[in-house]
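Chains as they are written, first to last, in my numbering: chain V, 1 to 216; chain B, 1001 to 1999; chain G, 2001 to 2093.
C-beta atoms are modelled at their ideal positions from N, C-alpha and C, and glycine is treated no differently.
Working notes for the structure below.
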Amino acid sequence: MAEIVLRQSPLDHLSLDARAVAEPGPAGVVAGERRFVAKVNLRGDPADEAFVKVAKGALKVFLPTTPNTVDGKRDRYALWLGPDEWLVIGAPGTEGRLVADLRKALDGIVAAVTDVTEGRTVIRLSGVHARETLAKGCGLDLHPRAFGRGRCAQTRLGKANVILHQLDDAPTFDVYVERSFADYLWRWIEDGASEYGFAIVAEPIMAALKARRATR
Amino acid sequence: MTAQSHRNPTGGRIDRARTLGFTFNGRYYEGHPGDTLASALLANGVHLVGRSFKYHRPRGIVGSGAEEPNALVQLGQGALTEPNVRATQAELHDGLAAASVNCWPGVRWDIGAINGLLGGLFPAGFYYKTFMWPARAWRAYEWFIRRAAGLGLAPREPDPERYDGTHAHCDVLVAGGGPAGLAAALAAGRAGGRVILADEQAEIGGSLLAGGGTIDGRPARAWLDDATAELAGMAEVRVLPRATVFGYYDHNYLGIAERLADHLPPAERAGRARQRVWKVRAGRVVLATGAIERPLVFDGNDRPGVMLATAAQAYANRWAVRVGDRAVVVTNNDSAYQTALDLSESGVAVALLADLRAEVPAALAQRLSRAGIEVAAGSAVVDAAGGTRVTSAEIRRLGADGTTLEGPARHVPCDVIAVSGGWSPAVHLFSQSGGRLRWDEAIAGFVPDISRQAEVSVGAARGTFDLAAALAEGARAGAAAAHAAGFGDGTATAPAANAREVIAPRPVWRVPSAGRGKAFVDIQNDVTAADIALAAREGYSAVEHLKRYTTTGMGTDQGKTSNVNALAILAHATGTAIPAVGTTTFRPPYTPVTFGALAGRTVGPLFDPARLTAMHPWHVQAGTRFEDVGQWKRPWYYPRGSETLHQAVARECRAVRTSLGIMDASTLGKIDIQGPDAAKLLDLVYTNAWGGLEVGRCRYGLMLKEDGMVFDDGVTARLGPQHFHMTTTTGGAARVMAWLEEWLQTERPHWRVYLTSVTTQWAVAAIAGPNARRLMAELCPNIALDAIDFPFMAWRDGTVAGIAARVFRVSFSGESAFEINVPSSQGMALWQALMTAGAKYDITPYGTEAMHVLRAEKGFVIVGQETDGTVTPGDLGMDWIVGKKKPDFVGRRGLARADCKRPDRKQLVGLLPQDPKEVLVEGAQIMADAAAPPPVPMEGHVTSSYWSATLSRSFALALLKGGRARHGQTVPVHAYGKTSWAQVTEPIFYDKEGEKLRG
Amino acid sequence: MHLIACPWCGPRDEAEFSYGGEAHILRPEQPDALDDAAFANYLFMRGNPKGVHAERWVHTVGCRRWFNALRSTVTHEITAIYPMGTPRPDRAP
């Protein structure tokens, strides 16, 4: 019964879909919300071989130990958040299964598995001016020499704490933000990107764009 | 069509094909693209631009850039007006409207000029001496002072412009786009480094724009064009014109204020940011900020028409403007010789060049005499005559030691006196970076000495005035900076340039007076040489004291042209050497930065994030009034129709007490705690014991700081043997999370506990009231809800309205209550289901105000309202929660301090006002004796005060000295000049036995 | 704005960190055993050196890890970053 109750994302009240375009044209920045992506916070000791082995077995993903990097596949990956902390990402709806699998596998091992799917949403941001848009409120050096595909970072964007994840060289970024800050951050991004031409795209188009967008 | 009377038909870097119209003090003039307001005014023969700060003396344009002390104008009108803009830096645009500041009724005839005649009444420290007595008259004085002094007017309307800001990173930041800076940027850029070159002018080039000279055998301006083109073609080089590096902060963090649209007419600015601040983290910094020419201090040196020699030269060469018809040049160094030649070539008759030095540079002097310009060696201008424009210069020979005059006076008619008193390297940024300065006798100026940060000064900024040497320094520094970042081999070839012979300047800090006028040091703040001498006699011999006493260097120009002269005169007056006097501190910003630029986009809705709950859209729809709690928007009350706050809260409270209320409690902080040592952590940070808490139950806890003072509180549930769910106050969520993490990482690193914030994972609806259980029974088929199976302070998993939920039986209202936690995305669905199903009970949403009343009736404290960091559990009457048998917890030892045991500590009490209709003011002071004369000893204060619909009367909570022993007493309570009386009671007013919340 | 090298995340702006006061102040094993003066010394008394200061920082916005730093209170130069629980690197053990 639980499944039939309507879920709402923290940006639903902005009716982004109604403003979404099929073809962003010359927009320098395109953005959209990735709703309900599964997010599981995983804590454990990377020096504990049993933990590493069991976690990898359950996730089919290596837990990156290089700070601020991401490891995994298209639909399942792990972001390094700290020396004993990862954010495991999965397709929407898989969080229950992820948590159950991990908890079962890690039974008897000192670790913590916490579903945080509902606590954050993801704003995907892409385009030749995506980097400049982020730089307006992010003190990180996002230049390709310093950041790049497969990198992630917990940092501040505007006045919101976020996790940045760069997916490709378009560049495309996923911005993870606490759901209570999502309304603020969306407005902040839209305001900052407006000078470059800003287009909202729906989720499926966003995924397609990511594939064909050329590097600068 | 108005003629530009002083514009030459050819030359300069202006676009004569376009004409721009503008007004100054209401009069229409014309100029061209490439002009500044100052160059355009001078092209129209206008020198007089304002009145001075104190004496209201007529003042003219002195400089040609950031150093300008005089030509401050009010730009634009209405909301777009901007005060105190330097006319020398304001780019001309069509329709620009400018006006003088600080003169009334007009610049030519100004009432305040009477102050000039009464000059003797305005000595140094005038304000301090005059207006300190009688003290109460200050307010009357102030009105006149603020009217008479002061500069432009701030706009009264909100600023309609857009501003922006951005972060940037680079390997090499070059401040200043003159020859040295360009050479540095080219070298660093060619090596492949990421470079930012920022220059405050509209055009990159610095001194090359105004000067002549050759580089690599070609005119310098041709080299400049090539250099800027090459930089523009480098992918990793960013050139920012109209961008002032205004601040140099720690760890190579610099601020740049970029003017994006100020040079455009307002109509063309639409949609663009007007200004943008760059916050740059640079690997290395090359400071190529140039040097600022100093005026000479002689009588009448502030008359309109007296200007810096470089400025006169720049107007001639860069803007093709003749600054006058007949000029006298006076200098103590070589550089003004070229000025004299350039002026002459531009069509200004140069009557004479007076060189303070007895020995003059032979080659230059020869060139002047070939051009028919007399060189008066060992001579100075000692007085400038004139009113709103200089009319003649008095020339005298200087004595050997520079303090006496010799021979007859010559009066040379002129309308311009071009002055060069030597050069001050622009060491502002270097000094801001923490670098130490050194006095260089050879150039008579301060130069960079010992660096603190990864920077290097090049060119004129370090006293290297020769073009070839400056280019070489720049190239070397750029290459080295790039190399330090891993690019290139650290070497670069510098372009060749013609070297100059240089004879040292002759510092004569105060040109001897011929006996009459004022000689100004700080022209903007009207500080004279006599003021400084007087201040020194009065004992203000330290430069920082002198500055504050005389206000020298404290204007909007921050003494760019005056500081060295001022401290040299001070040194002379006190008989000390200049290096011993030292300089005042250089602080950011280099030139004023608008508040708009500093704020950037952080205004309006983006000023501070509004954190929203999952149910927020419902609250908005319901017409809720919100309260800011930290960054959260929380429903404050839900007015129906035209209800007031008071009426709505009374209704909401009644609903909870008599039927059913619902509150959005999503904002409470929530921390997931897992690990074998989780219970130990709770035992450490809470005052009570946690080991015995059963799975399925929860407990209230109080956290203290080590000093024993209450820090946060909340309910924590045991989800499993090694798994807890902690709640914190709304405002304390981040604080508590950090607090726990700190204890784990710094004091108990061997404990195996993991913390994860889940505050926003869950949306929480609290339903409270006699009908709460009935509603739950309807929507929750899988939890046994009776008080035995699901007792107070327990939690259960189940579904509510079909949504997976975790339900806590906790109560902050004193009624039977359920806090229903669901995944946030379903919070809205839950809320709507509860509202629909609860309609039969007239379910009533209630906000924070009603919540406050309800909990206060029960005597439940709010951390931050009843506590303020000085309150112990005992003060709150909560000794019951302090585990006496626990060997340790944070704050235990602190509580044992003698001060925490005083019987007269402020303790929580209830107050019932004598007038049951009177709601006491929160923060009102409880007095010991209402009749005592001030200062009245205070005994405590009201922490919470409300009207209670349930009690049909007002009541309050208060902290009162020794309050627990004073129940029954009547105390005077004072606020806003009114004394009320209230009876001290136990701090609980409703359901003292707690039957309702357990039921 | 300092640039602080988080031992995990690398150099980040100071705004991402929180300051944790003087380092190497150990909480007494048995606070109850301390007299008032000794406890006050632990709780309130802190050094205020002109020069190198050993202090605690936490990367609040990033990995949330605590660490120690040696920082000059005069120049703000950070000369060492080292783990909690290890001695000052500028002092002989």
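Candidates the options, of which the one nearest residue i by Cα
i	options	result
Q1647 of chain B	B:R1718, B:I1443, B:G1847, B:A1599	B:G1847
A1597 of chain B	B:I1988, B:I1256, B:P1069, B:R1018	B:I1256
F2017 of chain G	G:D2090, G:P2049, G:A2040, G:G2062	G:G2062
T1552 of chain B	B:A1573, B:N1332, B:A1529	B:A1529
L1876 of chain B	B:F1889, B:V1890, B:C1900	B:C1900
N1044 of chain B	B:Y1028, B:P1058, B:F1595, B:R1059	B:Y1028
H1263 of chain B	B:Y1315, B:T1550, B:Q1313, B:L1096	B:L1096
V1871 of chain B	B:L1960, B:G1675, B:D1164	B:L1960
R35 of chain V	V:I189, V:D191, V:V177	V:V177
S1944 of chain B	B:T1950, B:P1935, B:A1958	B:A1958
T172 of chain V	V:D115, V:L6, V:K56, V:G32	V:G32
R1276 of chain B	B:M1927, B:N1332, B:E1258	B:E1258
P2049 of chain G	G:G2085, G:L2070, G:A2015	G:L2070
Three-state secondary structure (DSSP) of residue i
i	result
I1503 of chain B	coil
C1653 of chain B	helix
R179 of chain V	helix
R103 of chain V	helix
I1662 of chain B	strand
V1736 of chain B	helix
P2011 of chain G	strand
S1980 of chain B	strand
Y1540 of chain B	coil
A1805 of chain B	strand
T1088 of chain B	coil
F1465 of chain B	coil
M1835 of chain B	helix
Rounded Cβ spacing between residue i and residue j (contact assumed at less than 8 Å)
i	j	result
L1471 of chain B	P1505 of chain B	The pair is not a contact, with the Cβ atoms about 22 Å apart (cut-off 8 Å).
G44 of chain V	D84 of chain V	6 Å
R1806 of chain B	N1821 of chain B	4 Å
R1322 of chain B	G1347 of chain B	5 Å
F113 of chain V	L42 of chain V	Reading off the sequence, residue 113 of chain V comes out as Val, not Phe. Contact holds; Cβ gap of about 6 Å.
L1834 of chain B	A1801 of chain B	7 Å
K1886 of chain B	G1963 of chain B	With a Cβ gap of about 27 Å, K1886 of chain B and G1963 of chain B do not count as contacting.
Contacts of residue i in chain B (Cβ-Cβ under 7 Å)
i	result
F173 of chain V	What F173 of chain V touches in chain B: nothing, since even the nearest Cβ is about 15 Å away.
E23 of chain V	Within 7 Å Cβ-Cβ: nothing; E23 of chain V doesn't reach chain B, min ~23 Å.
H2002 of chain G	D1250, H1251
E178 of chain V	T1760
K159 of chain V	D1608, P1609
D191 of chain V	R1601, L1606
Proximal chain B residues relative to residue i, where beta-carbon distance stays under 9 Å
i	result
Y184 of chain V	P1605, L1606, D1608, P1609, A1610, R1611, L1612, Q1631
Chain-ordered chain V contacts of residue i [CB-CB under 8 Å]
i	result
D1672 of chain B	A112, T114
Cross-chain neighbours of residue i in chain V, by beta carbon under 7 Å
i	result
D2013 of chain G	G139
E2016 of chain G	T155, R156
Cross-chain neighbours of residue i in chain G, by beta carbon under 8 Å
i	result
L81 of chain V	C2063
Contacts of residue i in chain G (Cβ-Cβ under 7 Å)
i	result
A18 of chain V	Within 7 Å Cβ-Cβ: nothing; A18 of chain V doesn't reach chain G, min ~34 Å.
Per-residue contacts from residue i into chain B (C-beta, under 8 Å)
i	result
E49 of chain V	None at all; the shortest Cβ gap to chain B is about 16 Å.
Where in the stretch 1031 to 1062 of chain B do unbroken runs of the beta strand (DSSP E), each at least 3 residues long, occur, reported from the N-terminal end onward? 1048 to 1051, 1058 to 1060
Beta strand (DSSP E) segments (min. 3 residues) lying fully within the stretch 1351 to 1390 of chain B: 1374 to 1377, 1379 to 1386
Please list the segments of the beta strand (DSSP E) lying wholly inside the stretch 1889 to 1976 of chain B, counting only runs of 3 or more residues, in order along the chain. 1906 to 1913, 1925 to 1927, 1938 to 1948, 1953 to 1961, 1970 to 1975
Going residue by residue through the stretch 1603 to 1644 of chain B, where are the continuous alpha helix (DSSP H) segments of at least 4 residues, counting only ones entirely within it? 1616 to 1621
Pick out the complete beta strand (DSSP E) segments inside the stretch 127 to 196 of chain V, 3 residues or longer, and give them in chain order. 152 to 157, 160 to 168, 172 to 178
Which runs of the alpha helix (DSSP H) at least 4 residues long sit entirely within the stretch 1714 to 1778 of chain B? Give them in chain order. 1733 to 1742
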